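For the sequence shown, counting from 1, position 27 maps to 7 in the working numbering; every step adds exactly one.
The beta carbon of each residue, even a glycine, is placed where N, CA and C say it ideally should be.
Source: prediction; values computed, not measured.
These notes concern the structure reproduced below.
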Amino acid sequence: MLLEAIFHQPKRNWAYAYDRDTIHLRLRAKKNDLTEVYALTGDKYAWEETRDIVPLTKFTSDSMFDYYEGEVKPPHRRLKYAFLLKSGDEQIWMTETDFQEEEPDDPGRMFQFPYIHAGAVFTPPAWVKDAVFYQIFPERFANGNPAINPEKVEPWGGEPTPFNFFGGDLQGVMDHLDYLSELGINAIYFTPIFEATTNHKYDTEDYLRVDRHFGDADTVKRLVKLCHERGIRVLLDAVFNHSGKTFAPFLDVQKHGAASKYKDWFHIHEFPLTVKDGIPTYETFGFEAHMPKLNTENPDVKAYLLEVAEYWIKEIGTDGWRLDVADEVDDAFWRDFRRVVKAANPDAYILGEIWNESSAWLQGDQFDAAMNYPFTAAVNAFFVEDKMHAEQFANSIGRQLSRYPLQASEVAFNLLDSHDTPRLLTLCEGDQRKMKLAALFQFSYMGAPCIYYGDEIGLDGEHDPGCRKCMEWDEAKQDRELLGFYQKLIALRHAHPALRAEGTVRFLQARAGGSQLVMERKSDTERILVLFNRSEETAIVELEAGDQPWTELFEGNHRTAIDQGVLTIELPAYGYAVMRTELAEQ
-19 MLLEAIFHQP
-9 KRNWAYAYDR
1 DTIHLRLRAK
11 KNDLTEVYAL
21 TGDKYAWEET
31 RDIVPLTKFT
41 SDSMFDYYEG
51 EVKPPHRRLK
61 YAFLLKSGDE
71 QIWMTETDFQ
81 EEEPDDPGRM
91 FQFPYIHAGA
101 VFTPPAWVKD
111 AVFYQIFPER
121 FANGNPAINP
131 EKVEPWGGEP
141 TPFNFFGGDL
151 QGVMDHLDYL
161 SELGINAIYF
171 TPIFEATTNH
181 KYDTEDYLRV
191 DRHFGDADTV
201 KRLVKLCHER
211 GIRVLLDAVF
221 NHSGKTFAPF
231 LDVQKHGAAS
241 KYKDWFHIHE
251 FPLTVKDGIP
261 TYETFGFEAH
271 MPKLNTENPD
281 VKAYLLEVAE
291 YWIKEIGTDG
301 WRLDVADEVD
311 DAFWRDFRRV
321 VKAANPDAYI
331 LGEIWNESSA
341 WLQGDQFDAA
351 MNYPFTAAVN
361 AFFVEDKMHA
371 EQFANSIGRQ
381 LSRYPLQASE
391 VAFNLLDSHD
401 TPRLLTLCEG
411 DQRKMKLAAL
421 FQFSYMGAPC
431 IYYGDEIGLD
441 GEHDPGCRKC
451 MEWDEAKQDR
461 ELLGFYQKLI
471 ALRHAHPALR
481 AEGTVRFLQA
491 RAGGSQLVME
501 RKSDTERILV
511 LFNRSEETAI
521 VELEAGDQPW
531 TELFEGNHRT
541 AIDQGVLTIE
551 LPAYGYAVMR
561 TELAEQ
């Protein structure tokens, strides 16, 4: 055994309360080093009466490590534990202080989970486990009320630039809710809708007012009501890292300088406010002079923004927040933010925009989830860009699963493109075969998938502003076959709990240098295999069939046969298959 590779700590994603009664224990070891892992568990005040041995199973792997996990339900919500590690005939015990040959007999030297406090259990909203999100950039989705168009509005469908307007608004969204329901959408994420000068609205002027070219507060109330009647949740975008240049407190600082009562609302290095050699004399988002960074540690700023956070949840009835540039805002603010939002609506979803590994924000005191861009990068690298082989992809996904507590993975926000990236079809260079493989993985994997508006009907576009083009509503110009594919994909996910949070994730085939991938999703009642062939060559995949009959869940041009207990699936170039079998009752 390579003891140097073995790791555990009694916190974060290694030992955490999954619910009020259950603790998950995890341990890392060198890949393919251990053959068995057990946890010796018990209550420190009643060790002999509660002592138990709990097996840990390998739940995922990456390129260097295996990760083991076990579940414990301590009778008194307290836990002392050690590990028994086996590699063939070799075994060793691991305590908090050392490795040892003999079974430890002193709970005082073991790892400890002191107590499961109900208020400290990380409990994301359950509805997100079953959500299919649709991201809408309001200015480009639909023009439903021309009376509130901006000046110099351009004809719908023109070439997008960083500065032009086409008149999209919230009434336009309401006009097309039937379309979203027919697609199978049950959650919408809106980019900012508040008063601002730009077409993207990430330069907020007034956090308590809807942009006049989108509608007003009553418009949002009607929109939320109509969405809720269809079972659709509504997520708004909050820009609390920075404001816009027309935000009233910033205007006051520009006018009065050091004498402004709002000067401490921002991070100002010197007066007057100006730009020197391309860098503002005050802190900003990036170096954008029109986006001054807010001082969220200032009590007045914090109070104002928390009022905003509560208002749209409590008074308007929205279902959560997506938080822009979330990793650049101080942690104390987000902890207070969570308390305020969850008090207003315990079921509100709090989603942070973080592009990297996000475990520090997913411990139950800040966000429910982060925009899962590491997932995006891995899926695109394997299915779209051919930058990973199958084993590398499985390792990347396994590494991500190991970093987060299970409840965070169950509600992860899994996207393949957005307003900040090239569109998926463009990344695929127009090859819908690649696009369909990537989307199939997205919708058969754990977490909440999100479609960027128009992807489902064939919208393409390079990076901003190309990815922010107008939605195409002329059915003659839509890709109706692709739309049908997405409808079937969403219906498949809705119909099978094993494809959502209830199912475990395991890769049955992901070979080094390979282009074929077999993922197993398994719940208590069903086992589903999702097969992918990211290759121009036909692939033959053979798997054990088991005793139960198999059915095909998703039409494709593959061929399937069962002979002598072997399930054989022939996948054409860029082919896929989804197979299901029921699990016999235990």
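Determine the extent of the alpha helix (DSSP H) in which Asn375 is found, giving its start and end residues. 370 to 383
Taking Tyr61 as the reference, which of Asp110, Ala312, Ser41, Ile3 has the closest Cα? Ile3
So, under 8 Å CB-CB, Ser41 and Lys11 are touching, yes? Tell me the CB distance rounded to an integer number of Å. 6 Å
Whole-angstrom distance between Tyr169 and Ala127, CA atom to CA atom: 25 Å
Nearest to Lys468 (by Cα), restricted to the options Trp341, Phe113, Leu163, Trp136: Leu163
Name the two residues that bound the continuous alpha helix (DSSP H) containing Phe465. 460 to 475
Indicate whether the contact test is met: 3 or more Cβ pairs, each with one atom in the region 444 to 453 and one in the region 324 to 341, closer than 8 Å. no
Where does the unbroken beta strand (DSSP E) through Gln489 begin, and where does it stop? Note, Gln489: beta strand (DSSP E), 484 to 489.
Beta-carbon proximity list for Asp327, same chain, < 6 Å, skipping 5 on both sides: Here the set comprises Pro105.
Do Asn275 and Trp245 have their CB atoms nearer than 8 Å? yes
For the alpha helix (DSSP H) containing Met415, list its first residue and its last residue. Note, Met415: alpha helix (DSSP H), 412 to 424.
If we call anything under 8 Å between Cβ atoms a contact, is Lys201 one with Ile296? yes
Give the list of continuous beta strand (DSSP E) stretches no shorter than 3 residues that lie fully inside the region 160 to 218. 167 to 170, 174 to 176, 184 to 190, 213 to 218
Flag this pair as touching only if the region -11 to 7 and the region 44 to 57 have three or more C-beta atom pairs under 8 Å; answer yes or no. yes
Arg480 and Asp23 - do their beta-carbons sit closer together than 8 Å? no
Where does the unbroken beta strand (DSSP E) through Phe113 begin, and where does it stop? 113 to 116
Determine the direct distance from the alpha carbon of Phe512 to that of Phe487, and round the result to whole angstroms. 11 Å
If I measure Cβ to Cβ from Glu436 and keep anything under 7 Å in the same chain, skipping five residues before and after, which residues do I get? Leu163, Leu462, Leu463, Tyr466
Would you check whether the ligand FAD has a heavy atom nearer than 7 Å to the C-beta of Trp(-6)? In the structure on display, the ligand FAD does not appear, and there are no ligands present to speak of.
Tell me whether Ser338 sits in a helix, a strand or coil according to DSSP, three-state version. coil
Residues of its chain near Val305, where Cβ-Cβ distance is below 8 Å and the 5 sequence neighbours each way are ignored: Val219, Asn221, His222, Phe265, Glu333
Go ahead and label Thr77 buried or exposed: buried means 16 or more other beta carbons lie within 10 angstroms of its beta carbon, across all protein chains shown. exposed
Output the boundary residues of the beta strand (DSSP E) element that contains Arg560. 556 to 562
Is the beta carbon of Asp149 closer than 8 Å to that of Asn123? yes
Quick one: using the 10 Å Cβ neighbour count with 16 as the cut-off for buried, is Pro279 buried or exposed? So Pro279 counts as exposed.
Roughly how many whole angstroms lie between the Cα atoms of Thr254 and Asp299? If you take the alpha carbons of Thr254 and Asp299, they lie about 39 Å apart.
Start-end ranges of the beta strand (DSSP E) lying completely within the region 62 to 146, minimum 3 residues: Entirely contained in the region 62 to 146, the beta strand (DSSP E) runs reaching 3 residues are, in chain order, 70 to 74, 91 to 93, 113 to 116.
Would DSSP call Leu479 helix, strand or coil? helix
With respect to the beta strand (DSSP E) encompassing Thr15, which residues constitute its N-terminal and C-terminal limits? No beta strand (DSSP E) contains Thr15, which DSSP labels as neither H nor E.
From Ala478, Glu522, Arg539, Thr518, residue whose alpha carbon lies closest to that of Asp504: Ala478
Starting from Arg319, trace the beta strand (DSSP E) in both directions and tell me its first and last residue. Going by DSSP, Arg319 is part of no beta strand (DSSP E) but of the alpha helix (DSSP H) stretching over 311 to 324.
Ala26 (DSSP reduced to helix, strand or coil): coil
Buried versus exposed call for His193 [16 or more other C-beta atoms within 10 Å across all chains shown]: buried
Using DSSP bridges, identify the partner residues of Met612. Beyond the ends of the chain as shown, which are -19 and 566, falls residue 612; an answer cannot be given.
Quick check on the DSSP output: the alpha helix (DSSP H) that includes Val359 runs from which residue to which? Looking at the DSSP string, the run of the alpha helix (DSSP H) that includes Val359 is 353 to 359.
Does DSSP put Trp292 in a helix, a strand or coil? helix
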